[in-house]
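Here the structure comes first, spelled out in structure tokens, and everything after it is commentary.
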Amino acid sequence: MSDHGGYSPNHHPHGAGYPAPPQPGRRQRKRKSPAFVALATVGITVFLGGIAGTLLLFSHGWIKSVTDPLVLPAVGQCTDASGLVLQGPLEVVDCGEPTATTKVVISETSDEADCAAGQIRILTFGYRDGDHVTAHSCGAPNLTIGNCYTKTGMTFVYDPYCLSSSVRLARQVPGTVDVEKCKSAAPDEPASRPRWGSSYDYADAANGVVNCFLPVG
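Take 1 as the starting number for the sequence shown in UniProt numbering and just add one per residue.
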């Protein structure tokens, strides 16, 4: 016994305001953080949602089979599709619509279609006579004088607002494929044509017409 209430200074009785020492052999379980649980839940949800979405697409026939028959674009059809190369089947648009800026001029199943300068290649895949084939077709610009356009890849895109970034089809010069003809100003054009607008000029060899553009403004 000592002067500290009958206990040594280094000994504290249980229940005297001191926590009980941890029991030997007991392991503390780590709890997963809320962030980890949330991420795991999101991952499982996305995975299951992807499976359900894929099954839904197949059930509605939205994912086309590679055994689909070949659907060739018809000569004279128009589309508003754009890019460096178009892929069929094309979404057909009335050729009178200003957005229908490409018209099919060649449609065949040979290995290579002879697309002229300024025309865009159209590739269509499908089965024909039991064989998987790639059809090569060509589309030419279908533009209207006075309308404004920008260019995406090999195609023109109609600009209904005629923004400053677009060009206007100012005129067409028939009976020639020489784009140099666009350099001579028409009576209603500025005497000095802005140089950058001329980069859009192109010759329509199939119709023997040169198309001349001017910057908007």
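We put the CB at the ideal spot given by N, CA and C, even for glycine. Since the model is a prediction, treat every value here as computed from it, not as a measurement.
Exercise. Excluding the 5 residues preceding and the 5 following residue 175 in the sequence, name in chain order all residues of the same chain whose CB lies nearer than 7 Å to its CB.
Key: Against the sequence shown, residue 175 aligns to sequence position 175. Taking residue 175 as the centre and dropping the five residues before and after it, the same chain places the C-beta of 208 closer than 7 Å to its C-beta, in chain order.
Exercise. Please name the residue in 205, 212 and 81 whose C-alpha comes closest to that of residue 93.
Key: Within the sequence shown, numbered from 1, the residue matching residue 93 stands at position 93. Comparing C-alpha distances from residue 93 to each of 205, 212 and 81 shows the shortest one belongs to 81.
Exercise. Return yes when at least one heavy atom of the ligand GTP lies under 8 Å from the C-beta of residue 157, else no.
Key: No copy of the ligand GTP appears in this structure; indeed no ligand is present at all.
Quiz item: Going by C-alpha distance, which of 173, 171, 142 and 172 is nearest residue 158?
Solution: For the purposes of this step, residue 158 is identified with residue 158 of the sequence shown, where counting begins at 1. The closest CA to that of residue 158, considering only 173, 171, 142 and 172, is found on 142.
Quiz item: Just curious, the beta strand (DSSP E) that residue 181 is in, first and last residue?
Solution: For the purposes of this step, residue 181 is taken as residue 181 along the sequence shown, with counting starting at 1. From DSSP, residue 181 is part of no beta strand (DSSP E); its letter is neither H nor E.
Quiz item: How would you call residue 136, buried or exposed, if buried means at least 16 neighbouring beta carbons within 10 angstroms?
Solution: If you number the sequence shown from 1, residue 136 lands on position 136. Residue 136 comes out buried.
Quiz prompt | Opposing strand residues paired with residue 122 [DSSP bridges] | solution = The sequence position of residue 122 within the sequence shown is 122, counting from 1. According to DSSP, which records beta bridges pairwise, residue 122 is partnered with 86 and 137.
Quiz prompt | Pair within 9 Å by beta-carbon distance, residue 104 and residue 90 | solution = Here residue 104 corresponds to residue number 104 of the sequence shown, with the count starting at 1. Here residue 90 corresponds to residue number 90 of the sequence shown, with the count starting at 1. Against a cut-off of 9 Å, the Cβ pair of residue 90 and residue 104 comes out as a contact.
Quiz item: According to DSSP, is residue 161 helix, strand or coil?
Solution: If you number the sequence shown from 1, residue 161 lands on position 161. Here DSSP, grouped into helix, strand and coil, assigns residue 161 to coil.
Exercise. Sort out for me which residues DSSP pairs residue 106 with in a bridge.
Key: Start at 1 with the first residue of the sequence shown, and residue 106 comes out as number 106. The secondary-structure analysis by DSSP pairs residue 106 across a beta bridge with 138.
Practice problem: Label residue 184 either buried or exposed according to how many other C-beta atoms from any shown protein chain fall within 10 Å of its C-beta, with 16 as the threshold for buried. | Solution: To locate residue 184, count along the sequence shown from 1; it is residue 184. Exposed: under 16 other Cβ atoms inside 10 Å.
Practice problem: Give the single residue among 199, 130 and 76 whose Cα lies nearest to the Cα of residue 154. | Solution: Translated into the one-based positions of the sequence shown, residue 154 becomes position 154. Shortest Cα-Cα distance from residue 154 to any of 199, 130 and 76 involves 199.
Quiz item: Within this structure, are the beta carbons of residue 177 and residue 205 separated by less than 9 Å?
Solution: On the sequence shown, residue 177 is found 177 positions in, with the first residue counted as 1. On the sequence shown, residue 205 is found 205 positions in, with the first residue counted as 1. Yes. Within cutoff.
Quiz item: Between 134, 160 and 112, which lies nearest to residue 97 when the distance is taken from Cα to Cα?
Solution: Looking up residue 97 in the sequence shown gives position 97. For residue 97, the nearest C-alpha among the options comes from 160.
Quiz prompt | Straight-line gap, residue 133 to residue 75 (C-alpha atoms, nearest Å) | solution = For the purposes of this step, residue 133 is taken as residue 133 along the sequence shown, with counting starting at 1. For the purposes of this step, residue 75 is taken as residue 75 along the sequence shown, with counting starting at 1. Spanning the two alpha carbons is a distance of roughly 19 Å.
Exercise. Run the CB neighbour count on residue 87, radius 10 Å, all protein chains shown included, and call it buried at 16 or more, exposed below.
Key: Position 87 of the sequence shown, counted from the start, is the residue given in the question as residue 87. So residue 87 ends up on the exposed side.
Quiz item: When the Cα of residue 78 is compared with those of 72, 101 and 131, which residue comes out closest?
Solution: Here residue 78 refers to the residue found at position 78 of the sequence shown. Distances from the CA of residue 78 to each of 72, 101 and 131 were compared; the closest alpha carbon is that of 101.
Quiz prompt | Contacting residues, own chain, Cβ-Cβ under 6 Å from residue 121 (five flanking each side not counted) | solution = Walking along the sequence shown from the start, residue 121 turns up at place 121. These residues qualify, in order along the chain: 85 and 115.
Exercise. State the beta-bridge partners of residue 167 as determined by DSSP.
Key: Indexing the sequence shown from 1 puts residue 167 at position 167. Residue pairing by DSSP places residue 167 opposite 149 and 215 in a beta bridge.
Quiz item: Excluding five sequence neighbours on each side, which residues of the same chain lie with their C-beta closer than 7 Å to the C-beta of residue 112?
Solution: Residue 112 sits at position 112 when you count from the first residue of the sequence shown. Here residue 112 has 136 as same chain residues with Cβ atoms under 7 Å from its own Cβ, once five neighbours each way along the sequence are excluded.
Quiz item: Name the DSSP bridge partner or partners of residue 203?
Solution: Counted from its first residue, the sequence shown places residue 203 at position 203. According to DSSP, residue 203 bridges with 210.
Self-check item: Residue closest to residue 182, alpha-carbon to alpha-carbon, out of 167, 130, 127 and 201
Solution: In the sequence shown, counting from the first residue as 1, residue 182 sits at position 182. Put simply, of 167, 130, 127 and 201 the residue whose alpha carbon is nearest the alpha carbon of residue 182 is 201.
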